[in-house]
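Let me begin by presenting the structure, written as structure tokens, before commenting on it.
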Amino acid sequence: MKRLSLFFKKYWPIIIISAFALFLRIYRISDYMTFLGDEGRDALVWLRMSRGKFTLIGPQTSIGNMYLGPLFYYLMFPFYLTFGAVGPSLGTAFFGGATTFLLWRAARSWFSERLGLLSAFLYAISPVAIVLSRSAWNPNIMPFFALLSVWGVWRIWKENDFLWLPVLGFTLSAVFQSHYLGLLLFPAVGLFILLKLISIFKKNNPQRKKYVLLTFLSIFLFFFFSIVPLVWFDLRHDFLNLKAFGRFFFEGESSLNFYFPDIFLKTWLNWKTLFSRLLTGKDETFGLIFSLISLFLLILIFILSFKTKKWAKEKQPLFLLIVWIFFGLIGLSLYKYQIYDHYFGFLFPAVFIVGALIIDFLWRLSLPAKVFSLILFILIVIYSFKENPLGYPPNFQYVRTKKISEKIAEIVGKDSFNLGMIAKRNHDAGYRYFLELWRTNLRTIDAQKANETITEQLFVICEDKECEPINHPQAEIASFGWAKIEEQWVFPWGTKLFKLAHVVK
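For the sequence shown, numbering that gives the first Met the number 0 gives the first residue as 0, with consecutive numbering after it.
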């Protein structure tokens, strides 16, 4: 107890910041969490895993129809077993809290205690970081593993802690399996691993054999966790994923753009977007101003680290930070299509460290600079709390999906039935999750086995304002055949539920 008291006394600021970050992410999480198509699909995977059907593949990508590795499912599986369908969202929130703590640990080691606390606090209150940290989705764990990878690189490169090499193999695998854009972290990591290798051999370091062996172990672990499950899956399914990769990269129009003026412009736009979305509470004007200030001062600090003794100790962490951001922004700028918030996941930690670095740098200068630093900090806090997700009403997606599913289960009892949905985007997987969880006799219509899969009743969930389930083109409804509405129910939030039966000719 005494040791715990001493620990809290020594580290109380980061303990409070991490606890606050967790609170912002787990408060009423079942009301606020996203529970649509992707989340319902993942919940079905965890449900089937709990019943003995394990998986070799992860979620499918939105572009290219390729599959990620299954690591996300296995990381979140214990949370599912403990807390049910809300569990993986809680698990993601805990990773968000861990990212807060790790930001402090890394920035404290690279720069200072104050900068570490500031980085952690900025991440803790960021509205986008909060939203992405409280829903179970594979890209949402990427910031933690990206930061852990870069922290591992630092330990290897500057502290000669080569036992981090195998850890790096696993953390990079987690980044890669979170989202394929996580590959953009690899050039920065590879550069510092190569620099260390050159340094070891130049100095004829006796540890070079250990370094090489552990590097190979790191590569092996990466391939074991990332590639082996996908290869195993492909061998059993006619190389489904490999063919999808081939179509994505070699058939049709490329998703990459190598035109230099476009790359230059998009690099700047992505830099500005990072600040607007993550640090300035989505305020575009303040985001533009702060991104310009940060770019100028980051370059200035890096130059000062070479020119003056006062800043010299920050040269190497700055180099690591700049290389991390540079490769990430250039890589994202090659991508033709829209960049969503979660695409930046591998850069999230770097942005908060840069924001803290700029505020801390100004604070260390003259009184006017201190005042400006304080103004920047206060504005970030104001804009972040102004856009805090807890200030908005919950979406109740999980709760409402469960209630509608309960209604269907209550009506059907043990009878077989089909399920259809009318919505802007079909996300019936959430409903199918609950209906499968409760072991209802839900049948998915297969046109080739119509006699076996088409039942006597079809339940249609309608989220559109205008609902006309008869003759609707949605696959399940159309496949059900000629039908009439037998009953219908309207829920308090506007969703309608129809029970359809066949028309007797």
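Even glycine gets a Cβ: it sits at the ideal position worked out from N, Cα and C.
Indicate whether the contact test is met: 3 or more Cβ pairs, each with one atom in the stretch 25 to 32 and one in the stretch 387 to 403, closer than 8 angstroms.
They touch, by the three-pair rule.
Classify arginine 431 as buried or exposed, calling it buried when 16 or more other Cβ atoms lie within 10 Å of its own Cβ.
Along the sequence shown, read from residue 1 onward, the residue named residue 431 stands at position 432. Flag for arginine 431 reads buried.
Nearest-angstrom Cβ-Cβ length linking leucine 101 and leucine 146, presumed shorter than 8 angstroms
On the sequence shown, residue 101 is found 102 positions in, with the first residue counted as 1. On the sequence shown, residue 146 is found 147 positions in, with the first residue counted as 1. Indeed, because the Cβ distance is near 5 angstroms, the residues count as touching under 8 angstroms.
Alpha helix (DSSP H) segment containing glutamine 396, residue limits
In the sequence shown, the residue the question calls residue 396 occupies position 397. Per DSSP, glutamine 396 belongs to the alpha helix (DSSP H) from 396 to 411.
Going by beta carbon distance, what residues of the same chain come within less than 7 angstroms of glutamate 435, once the five residues before and after it are set aside?
One-based indexing of the sequence shown puts residue 435 at position 436. Closer than 7 angstroms at Cβ, skipping near neighbours: Leu43, Leu46, Leu441.
Kindly list the residues whose CB is nearer than 7 angstroms to the CB of phenylalanine 376, restricted to its own chain and excluding five residues on each side of it in sequence; keep chain order.
Position 377 of the sequence shown, counted from the first residue, corresponds to residue 376. Result list for phenylalanine 376: Ile358, in chain order.
Go to leucine 469, then tell me how far its alpha helix (DSSP H) extends in each direction, as first and last residue.
Here residue 469 is taken as the residue at index 470 of the sequence shown, counted from 1. Checking the sequence shown, residue 469 turns out to be isoleucine, not leucine. Note, isoleucine 469: premise wrong, no alpha helix (DSSP H); not H, not E.
For valine 130, which residues in the same chain have their Cβ closer than 7 angstroms to its Cβ, ignoring the five residues on either side in sequence?
Translated into positions along the sequence shown, residue 130 becomes position 131. Excluding residues within five positions, the ones whose Cβ falls inside 7 angstroms are Pro388.
Any contact between the stretch 276 to 285 and the stretch 346 to 355? By contact I mean 3 or more CB pairs, one from each, below 8 angstroms.
yes
Where phenylalanine 243 and tyrosine 66 are concerned, what is the direct C-alpha to C-alpha distance, given to the nearest angstrom?
As a working mapping, residue 243 is identified with position 244 in the sequence shown. As a working mapping, residue 66 is identified with position 67 in the sequence shown. It is worth fixing the name first, because residue 243 is alanine in this sequence and not phenylalanine. Distance between alanine 243 and tyrosine 66, taken at the CA atoms: about 9 angstroms.
Any idea what DSSP makes of phenylalanine 497, helix, strand or coil?
As a first step, residue 497 must be located in the sequence shown, where it is residue number 498. It is a strand residue.
Can you give me the start and stop residues for the beta strand (DSSP E) that phenylalanine 458 sits inside?
For this step, residue 458 is matched to residue 459 along the sequence shown. For phenylalanine 458, the uninterrupted beta strand (DSSP E) run begins and ends at 456 to 461, by DSSP.
Which stretch, first to last residue, makes up the beta strand (DSSP E) that contains lysine 312?
The sequence position of residue 312 within the sequence shown is 313, counting from 1. Unbroken run through lysine 312: none, as it is neither H nor E.
Reducing DSSP to helix, strand and coil, say where valine 152 ends up.
Working through the sequence shown from its first residue, we reach residue 152 at position 153. Looking at valine 152 - three-state DSSP - the assignment turns out to be helix.
Quick one: residues in its chain with C-beta nearer than 6 angstroms to the C-beta of tryptophan 488, no 5 flanking neighbours on either side, listed in chain order?
Residue 488 sits at position 489 when you count from the first residue of the sequence shown. If you ignore the 5 residues before and after tryptophan 488, its C-beta comes within less than 6 angstroms of the C-beta of Leu496, all in its own chain and listed in chain order.
Would you mind listing the alpha helix (DSSP H) stretches within the stretch 111 to 145 that are 4+ residues and don't spill past its ends, in chain order?
112 to 124, 126 to 132
Please classify threonine 454 as buried or exposed, where buried requires at least 16 other C-beta atoms within 10 Å of its C-beta.
As a working note, residue 454 is residue 455 in the sequence shown. Residue burial annotation: threonine 454 is buried, with at least 16 other C-beta atoms found within 10 angstroms of its C-beta.
Using a Cβ-Cβ cutoff of less than 7 angstroms, which residues in the same chain neighbour glycine 151 once the five nearest sequence positions on both sides are dropped?
For the purposes of this step, residue 151 is taken as the residue at position 152 of the sequence shown. Excluding its 5 nearest sequence neighbours in each direction, glycine 151 has C-beta neighbours in its own chain below 7 angstroms: Trp163, Val166, Leu167, Thr170, listed in chain order.
Beta carbon of isoleucine 556, beta carbon of threonine 452: below 8 angstroms?
The structure shown has nothing for residue 556, since the chain only spans 0 to 504.
Buried or exposed: which applies to phenylalanine 305, given that a residue is buried once 16 or more other Cβ atoms fall within 10 Å of its Cβ?
One-based indexing of the sequence shown puts residue 305 at position 306. By the 10 Å Cβ count, phenylalanine 305 comes out exposed.
Which residues bound the alpha helix (DSSP H) around phenylalanine 263?
Position 264 of the sequence shown, counted from the first residue, corresponds to residue 263. Looking at the DSSP string, the run of the alpha helix (DSSP H) that includes phenylalanine 263 is 259 to 277.
Nearest residue (CA-CA) to phenylalanine 326, options His178, Gln337, Ala349, Ala105:
Numbered from 1 along the sequence shown, position 327 holds the residue referred to as residue 326. Ranking the options by Cα distance to phenylalanine 326, first place goes to Ala349.
Could you give the residue range of the alpha helix (DSSP H) that holds valine 230?
Locating residue 230 in the sequence shown gives position 231, counting from the first residue. 227 to 235 is the span of the alpha helix (DSSP H), which, as asked, contains valine 230.
For valine 174 and aspartate 345, believed in contact at Cβ under 8 angstroms, the rounded distance:
For the purposes of this step, residue 345 is taken as residue 346 along the sequence shown, with counting starting at 1. For the purposes of this step, residue 174 is taken as residue 175 along the sequence shown, with counting starting at 1. The sequence shown places phenylalanine at residue 345, rather than the aspartate named in the question. About 6 angstroms; that satisfies the 8 angstroms criterion.
If you follow the alpha helix (DSSP H) that isoleucine 591 is in, where does it begin and where does it stop?
With the chain covering 0 to 504 only, the question about residue 591 has no answer from this structure.
Does alanine 355 get closer than 8 angstroms to chain D when you measure Cβ to Cβ?
Going by chain labels, chain D is absent from the structure shown, which holds only one protein chain.
Our contact map puts phenylalanine 295 next to leucine 378 with C-beta atoms below 8 angstroms; I'd like the distance itself, whole angstroms only.
Working through the sequence shown from its first residue, we reach residue 295 at position 296. Working through the sequence shown from its first residue, we reach residue 378 at position 379. Not really, about 18 angstroms apart at Cβ, beyond 8 angstroms.
Whose CA, out of Leu212, Met48, Tyr342, lies closest to the CA of tyrosine 179?
Position 180 of the sequence shown holds residue 179. For tyrosine 179, the nearest C-alpha among the options comes from Tyr342.
Residue environment, arginine 24, which counts as buried when at least 16 other CB atoms sit within 10 Å
Residue 24 sits at position 25 when you count from the first residue of the sequence shown. By the neighbour-count rule (16 or more Cβ atoms within 10 Å), arginine 24 is buried.
To the nearest angstrom, report how far apart serine 4 and tyrosine 10 are at their CA atoms.
Taking the sequence shown and counting its residues from 1, one reaches residue 4 at position 5. Taking the sequence shown and counting its residues from 1, one reaches residue 10 at position 11. Rounded to the nearest angstrom, the two C-alpha atoms are 10 angstroms apart.
On the DSSP letters alone, give me the boundaries of the beta strand (DSSP E) that phenylalanine 416 sits inside.
Here residue 416 refers to the residue found at position 417 when the sequence shown is read from its first residue. Start and end: 415 to 421.
By how many angstroms is the C-alpha of glutamate 462 removed from the C-alpha of proline 491?
Taking the sequence shown and counting its residues from 1, one reaches residue 491 at position 492. Taking the sequence shown and counting its residues from 1, one reaches residue 462 at position 463. C-alpha separation (whole angstroms): 12 angstroms.
Alpha-carbon to alpha-carbon, isoleucine 218 and phenylalanine 414:
Counting from one through the sequence shown, the residue named residue 414 turns up at place 415. Counting from one through the sequence shown, the residue named residue 218 turns up at place 219. According to the sequence shown, residue 414 is aspartate rather than phenylalanine. Approximately 52 angstroms, taken between the alpha carbons.
Going by the beta-carbon positions, is the gap between alanine 20 and glycine 95 smaller than 8 angstroms?
In the sequence shown, the residue the question calls residue 20 occupies position 21. In the sequence shown, the residue the question calls residue 95 occupies position 96. The answer is yes: Cβ separation under 8 angstroms.
Please tell me whether isoleucine 62 and phenylalanine 232 are closer than 8 angstroms, where the distance is taken between their beta carbons.
The residue given as residue 62 occupies position 63 in the sequence shown. The residue given as residue 232 occupies position 233 in the sequence shown. No; because the gap between Cβ atoms is not below 8 angstroms, this pair is not in contact.
Under 6 angstroms Cβ to Cβ from serine 372, same chain only, skipping five residues before and after it: list those, please.
For the purposes of this step, residue 372 is taken as residue 373 along the sequence shown, with counting starting at 1. Hits under 6 angstroms: Ile358, Leu361, Trp362.
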